[in-house]
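J.: A single structure is presented below for examination.
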Amino acid sequence: MHFHPPPIPGIYAYKCSACGFAKDVLQKISDAPLTVCPNCGAESFSKQVTAAGFQLKGSGWYVTDFRDNGGKKGGDAKPADSGASAPAAAPAPAASPAPAAPAPAPVRKWLLSGLLVIVPLVVTLAVLNWIVGTLDQTLWLLPEQWQAWLSDHKIRGLGVLLTLAILLAVGAVASNFVGKRLLSWGDALVRRIPVVRSIYSSVKQVSDTLFSESGNAFRTAVLIQWPHEGMWTIAFVTGAPGGDVVNHLQGDYLGVYVPTTPNPTGGYFVMLKRSDCIELKMSVDEALKYIVSMGVVVPGGPGSLPTRPVPLGNK
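So that you can map any letter, position 151 of the sequence shown is 151 in the UniProt record's numbering, and since no number is skipped, the others follow by simple counting.
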């Protein structure tokens, strides 16, 4: 008993001669062709050649794969005639360039070591160059005869010496009785100017707090819980609350400045109970370095680092 496989369906391209509507239809070879156009309804629908993507070889249909110009048999079709030409072989893909080999470990180590040495020096020299260049502008305060001589010789750094001399002279005058009277008279005069007095008063109050020997601003570094309980940060005590604020606080409070990282000039001023502030055994400079370096520069040097690795997860 011989088994006869069912006929393999094929895809035929139909086109309407009336409206031009085209459609690919999957049909068996024994199926009757379509005549009615599904678009316009006219009996002008006729079968064209086989649709793209299929080739008739012998009595079977083969699906053509245009990506590699090969063939995949779409059923139990008979093999192609011996006279049919074989599909062309796919061209070999272009060889991709080999990835660059990573730098040897010693080279990377030397490069990082060089950066660690050069970057601090370059940044320090750049900052010093900017400071010296800015202070050299004070040389324009000298008489024109001296300015001509300085322009010819171009001695860099004289502005720093001139600035120090001016500061020492003003400080010496302000320390005696006559100088204090003159400064008091000038201070009262400036405070009477409408726009200038608001700026001058604010700047003078901040400078008196920061640079006065009797001031207590940024004298103590403390550890507080910020911004919520369980999270700790370093802050600086600026003094006790004053003005009408004291009338609304019950208990012993401190004014605390919480700097941000890595720019400590931006931060938050909060008032906390003295019992919530833990005084640290470190100077203000050490605390500032600790904040600006984002915890990299540890106060006390490497010897103060923990002996065991800091765990990163809960165990």
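Don't be surprised by glycine CBs; every beta carbon is placed ideally from N, CA and C.
Just so we're clear, the structure is a prediction, and the values are computed from it rather than from any experiment.
Would you tell me roughly how many angstroms separate the C-alpha atoms of residue 295 and residue 236, rounded to the nearest one?
T.: Looking at the two C-alpha atoms, the distance is approximately 16 Å.
J.: So who's on the other strand from residue 279, going by DSSP bridges?
T.: 222
J.: Quick check on DSSP: helix, strand or coil for residue 31?
T.: coil
J.: Whose CA, out of 281, 176, 271, 292, lies closest to the CA of residue 316?
T.: Residue coverage of the chain in this structure runs from 1 to 315, which leaves residue 316 outside it and unanswerable.
J.: Using 10 angstroms around the beta-carbon of residue 12, count the other beta-carbons present and answer buried if the total reaches 16, otherwise exposed.
T.: It counts as buried.
J.: According to the neighbour-count rule (16 or more other Cβ atoms, all chains shown, within 10 Å of its Cβ), is residue 106 buried or exposed?
T.: exposed
J.: Looking at the secondary structure, which residues open and close the beta strand (DSSP E) in which residue 238 lies?
T.: 232-239
J.: Within 10 angstroms of the Cβ of residue 177, are there 16 or more other Cβ atoms? Answer buried if so, exposed if not.
T.: exposed
J.: Could you please give the first and the last residue of the uninterrupted beta strand (DSSP E) stretch that includes residue 273?
T.: 267-273
J.: Helix, strand or coil for residue 152? Go by DSSP, reduced to three states.
T.: helix
J.: For residue 84, is the classification buried or exposed, using 16 other Cβ atoms within 10 angstroms of its Cβ as the cut-off for buried?
T.: For residue 84, the predicted structure reports a pLDDT of 44, less than 50, and the residue's modelled location is therefore unreliable. The matter cannot be settled from this model.
J.: Roughly how many whole angstroms lie between the Cα atoms of residue 260 and residue 254?
T.: Those two C-alpha atoms are separated by around 19 Å.
J.: Which residue wins for smallest C-alpha separation from residue 276, given the options 144, 130, 263, 225?
T.: 225
J.: So, is residue 252 buried or exposed, given that buried needs 16 or more other C-beta atoms within 10 angstroms?
T.: Taking every protein chain shown into account, the CB of residue 252 has fewer than 16 other CB atoms within 10 angstroms, so this residue is exposed.
J.: Suppose you measure from the CA of residue 200 to the CA of residue 125; what does that come to, to the nearest Å?
T.: One C-alpha to the other measures close to 33 Å.
J.: Which of helix, strand or coil does DSSP assign to residue 207?
T.: helix
J.: Note down the Cα distance separating residue 181 from residue 113, rounded to an integer number of angstroms.
T.: 58 Å
J.: Whole angstroms are fine: how far does the CA of residue 16 sit from the CA of residue 36?
T.: 9 Å
J.: Relative to the alpha-carbon of residue 22, which residue among 116, 39, 285 has its alpha-carbon at the smallest distance?
T.: 39
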